[in-house]
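Protein chains: 2
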Amino acid sequence: MSEKTVHATVDDVAALAGVSTATVSRCLNAPDRVVPATRAKVMEAIRALNYSPNFGARALASRRTGIIGAVVPTLENAVFAHGIGAFERSLPPGKFALLVASCGYDPEREKQQIEALVARGADGLLLVGFDRDPAIYDWLAIRKVPYVLAWACGDSHSYAGFDNAAGMAAMVRMVLDLGHRNIAMISGLTQGNDRARGRLDGARDLLAQEGLAFRNVAEVPYGLESGARAFAELMTDRSITAVICGNDVLAAGALRAAHRMELHVPKDVTITGFDDIDIASITFPELTTVRVPHTGMGEQAAALLERLIEGKRGESVLLPTEIVARGTHAPPAARKRFAKV
Amino acid sequence: MSEKTVHATVDDVAALAGVSTATVSRCLNAPDRVVPATRAKVMEAIRALNYSPNFGARALASRRTGIIGAVVPTLENAVFAHGIGAFERSLPPGKFALLVASCGYDPEREKQQIEALVARGADGLLLVGFDRDPAIYDWLAIRKVPYVLAWACGDSHSYAGFDNAAGMAAMVRMVLDLGHRNIAMISGLTQGNDRARGRLDGARDLLAQEGLAFRNVAEVPYGLESGARAFAELMTDRSITAVICGNDVLAAGALRAAHRMELHVPKDVTITGFDDIDIASITFPELTTVRVPHTGMGEQAAALLERLIEGKRGESVLLPTEIVARGTHAPPAARKRFAKV
DNA sequence: TGGTGTGATGTAAGCGCTTTCATTTGGACA
DNA sequence: TGTCCAAATGAAAGCGCTTACATCACACCA
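Chains as they are written, first to last, in the working numbering: chain F, 9 to 349; chain C, 9 to 349.
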């Protein structure tokens with residue numbers, strides 16, 4: 009006990025204000041249950057003592073922390089940085105704070121992070137996608153920790169997200185409508201990543217529906233260089249006139265490779281992205297891509313999770329994606345156009 | 009009391025393992041102070057009961073939360089997203105978790121966020137830059153909350169950062185060495201932003217040292233379009249041969265504007281950035297910029313803050329910046345070159 | 001004027017863990 | 001085999017707050 013606690017406690021405030029600790033507590037947590045005159049006295053005492061409630065004690069007694077946890081693959085990816093940013097901004101200020109953890113796309117690490125956040129008292133969780141060990145969902149259910157899934161949709165869980173497959177299908181539809189038939193795709197790694205898989209499947213299914221298939225599909229890690237290499241590889245097949253990319257970073261890489269190969273975009277080859285992050289409007293030409301409502305999603309996810317935490321029912325939210333037609337698409341050149349089937 | 013707590017407590021574990029609660033606690037917090045045989049029994053009981061310690065109780069009793077808070081202007085800016093990402097990854101897993109808040113460059117909101125994080129029990133804080141109301145520092149001192157400043161340096165506080173002025177001065181030096189004399193700058197808003205101010209001052213001071221000055225300086229908000237507009241404006245002065253930008257986003261905007269004005273970069277005009285974020289290598293031509301060690305900074309900041317939280321002394325860290333010479337710089341065209349003064 | 005209902009406030013019992021201090025245990029040593 | 005010391009363990013006192021319940025004051029109505 010070499011050092012006495014410097015901070016005023018609720019008892020000090022109560023004593024100074026001449027009320028009970030219960031009243032002090034009420035002033036802070038349910039001000040309208042205290043008569044204004046009393047409240048004024050208490051607030052004055054709080055100010056005088058420079059009091060602020062002890063977090064641990066409050067959490068212990070109220071069984072609530074006001075902390076929400078989020079696990080994302082990485083913040084390096086603008087997609088998640090923006091989504092998390094919007095999510096955080098949408099949380100009622102003062103009421104909730106955001107605990108952020110990243111897992112580097114590693115399912116095992118994601119599990120640890122979820123446990124760590126819950127151990128840190130998270131009242132609720134924001135997770136990315138739905139593809140994970142069912143044991144995790146069981147565990148969350150037992151612990152009664154509400155959660156919202158984002159960047160995906162359609163599962164039996166609560167979500168605020170969008171349809172990766174549909175978004176990509178729309179893009180492929182547009183490319184088909186331009187007349188392309190020899191199409192390749194550069195997909196992100198689909199292993200344990202339902203977003204990447206959804207996009208790939210969405211594209212494949214739409215092609216199949218038209219009796220077509222990709223000439224080739226490269227599945228590569230996230231990254232500019234990764235996209236560039238895959239593109240160079242793919243284009244050794246001289247018949248290919250369009251390359252669908254699983255995200256904007258891969259597309260930007262492909263675009264760079266096209267540059268270096270002295271392929272003219274979009275005259276010689278059409279390249280499309282997905283996400284519509286900043287870089288999509290910085291490339292030359294600017295990237296034709298699928299806009300994902302990252303900001304709206306963050307907001308909706310916050311609202312939904314808040315409801316769940318309060319024990320209310322909350323409807324999942326499916327947000328629309330939208331094609332942003334910029335400069336990297338065109339009809340195939342020097343090739344016979346096919347009528348739409 | 010309609011619903012009994014579902015979770016096992018330390019008492020349950022102690023009972024099942026046939027030890028006291030103190031021993032259970034020690035098994036969790038100081039395993040080496042318990043004999044292996046006992047520890048095994050306890051661990052077994054913990055597993056059997058699916059026990060995990062209550063966060064609030066732990067925080068209350070130990071006066072520690074293992075939570076670190078960070079306030080950044082925004083996660084939309086890749087610079088902060090990367091730094092925070094690296095910071096989070098560098099925190100000893102399981103030992104600390106990261107509470108993230110953003111303030112949108114608003115000092116008042118930053119203050120609120122700092123208070124909110126401390127109220128949430130943050131054991132320590134990561135803040136951006138040193139430019140803030142002294143009252144905040146006083147308040148943190150009274151509360152004995154350790155903190156580390158990042159993205160800046162040289163103040164009397166603990167920091168892990170770099171020298172904005174020096175980094176920018178180096179860039180201006182390079183531009184001078186190329187022969188440019190009619191130089192303009194597009195700076196971020198310096199109001200309440202020591203990083204932007206440091207960069208601007210660093211550039212100005214270096215010029216002054218050579219007996220020169222900027223032909224013109226635009227101070228504009230962060231953003232692509234913002235940079236584009238400023239550039240167009242600036243270039244109405246036909247004598248300008250180089251435009252120094254306060255960050256990569258402004259530079260990318262300037263580059264886009266140059267494109268639209270059919271100015272050839274770097275032949276007609278040199279454009280430089282600062283930060284070296286992803287977009288710097290996606291522009292065409294790729295951007296010549298100042299690399300900032302965002303990742304290393306995040307790591308160092310984490311290490312430093314951890315030391316401070318443990319009550320040890322920690323040395324501030326000054327990280328070097330580095331010029332990345334890519335494709336947007338060249339000697340001034342059709343102009344007499346000046347010898348270096 | 002007394003009964004009664006309503007809203008404000010007080011009383012006090014925990015919440016589940018850590019930690020100090022006391023006690024026990026198990027060897028090492030003579 | 002008996003002493004003594006260090007290491008291991010146990011007992012119990014909080015940590016500072018919330019909240020169920022009790023109490024009180026007061027206005028209203030019959």
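Glycine included, C-beta positions come from ideal geometry on N, C-alpha and C.
Non-local C-beta neighbours of E96 (chain F) in its own chain, meaning closer than 6 Å and more than five positions away in sequence, comprise L106, ordered along the chain. Counting only Cβ-Cβ distances below 7 Å, A105 (chain C) has contacts in chain F at L107, A109, A124, L125 and R128, in chain order. H90 (chain C) reaches chain F at L83, E84 and A89, counting residues in chain order whose Cβ is nearer than 9 Å. Taking 7 Å as the threshold, the shortest C-beta distance from A65 (chain F) to chain C falls below it.
Judged by beta-carbon spacing, T297 (chain C) lies beyond the 7 Å limit of H337 (chain C), meaning their Cβ atoms are not closer than that value.
Runs of the alpha helix (DSSP H) lying entirely within the stretch 90-140 of chain C and spanning at least 4 residues, in chain order: 115-127. The distance from the Cβ of Q121 (chain F) to that of V79 (chain F) is about 5 Å, consistent with a contact at the 8 Å cut-off. The Cβ of I317 (chain C) sits no closer than 7 Å to any Cβ of chain F. When rounded, the separation of the alpha-carbon atoms in G306 (chain C) and A89 (chain C) is 10 Å. G261 (chain C) sits buried, since 16 or more C-beta atoms from the chains shown fall within 10 Å of its C-beta. C253 (chain C) and E123 (chain F) have their C-alpha atoms spaced approximately 44 Å apart. When F:A288, F:L258 and F:R237 are compared, the shortest CA-CA separation from M269 (chain F) is found for F:R237. Distances from the CA of R321 (chain F) to each of F:A311, F:A259, F:N201 and F:A130 were compared; the closest alpha carbon is that of F:A311. Partner residues in the beta bridge of Y155 (chain F), as assigned by DSSP, are F:L133. Cβ-Cβ distances below 7 Å link L36 (chain C) to P61 in the same chain, with the five nearest sequence neighbours on each side left out; the list follows chain order.
About 17 Å separates the beta carbon of L326 (chain C) from that of L134 (chain C), a gap too long to meet the 8 Å contact definition. Annotation: the continuous alpha helix (DSSP H) that includes Y145 (chain F) extends over P142 to I150. In the structure shown, A221 (chain C) adopts coil according to DSSP, grouped into three states. Secondary structure note for R299 (chain C): its beta strand (DSSP E) is the uninterrupted segment T297 to R299.
For the 7 Å CB-CB criterion, D284 (chain F) and R299 (chain F) form a contact. For T280 (chain F), the enclosing beta strand (DSSP E) stretches over residues T278 to T280. R128 (chain C) sits close to F63 (chain F), with the two beta carbons spaced by under 7 Å.
Where S234 (chain F) is concerned, the enclosing alpha helix (DSSP H) starts and stops at L232 to L242. Restricted to the stretch 162-194 of chain F, the alpha helix (DSSP H) segments that are unbroken, complete and at least 4 residues in length are 172-186, listed in chain order.
One finds S110 in chain F with Cβ atoms closer than 7 Å to the Cβ of R97 (chain C), taken in chain order. For the alpha helix (DSSP H) assignment, the uninterrupted runs of no fewer than 4 residues enclosed by the stretch 14-76 of chain C are, from N- to C-terminal side, 18-25, 29-37, 44-57 and 63-70.
The C-beta of S60 (chain F) comes closer than 7 Å to at least one C-beta of chain C. Taking 7 Å as the cut-off, the Cβ atoms of G210 (chain C) and M176 (chain C) count as close. Of the other Cβ atoms in all chains shown, fewer than 16 fall within 10 Å of the Cβ of H272 (chain C); this residue is therefore exposed.
Under the Cβ distance rule, L68 (chain C) counts among the residues neighbouring chain F, one pair being separated by less than 7 Å. Residue state for L83 (chain F) is assigned as coil, using DSSP reduced to three classes. Following the DSSP letters along the chain, one finds A338 (chain C) in no beta strand (DSSP E), marked with neither H nor E.
Note that the C-beta distance between A216 (chain F) and A309 (chain F) is not below 7 Å. Cβ neighbours of L220 (chain F) within its own chain (closer than 7 Å, five residues either side excluded): R189.
Contact of A265 (chain C) with chain F is not assigned, every C-beta pair being separated by 7 Å or more. Look at the stretch 282-293 of chain C: the residues with a C-beta under 8 Å from a C-beta of chain F are D286, I287, S289, I290, T291 and F292.
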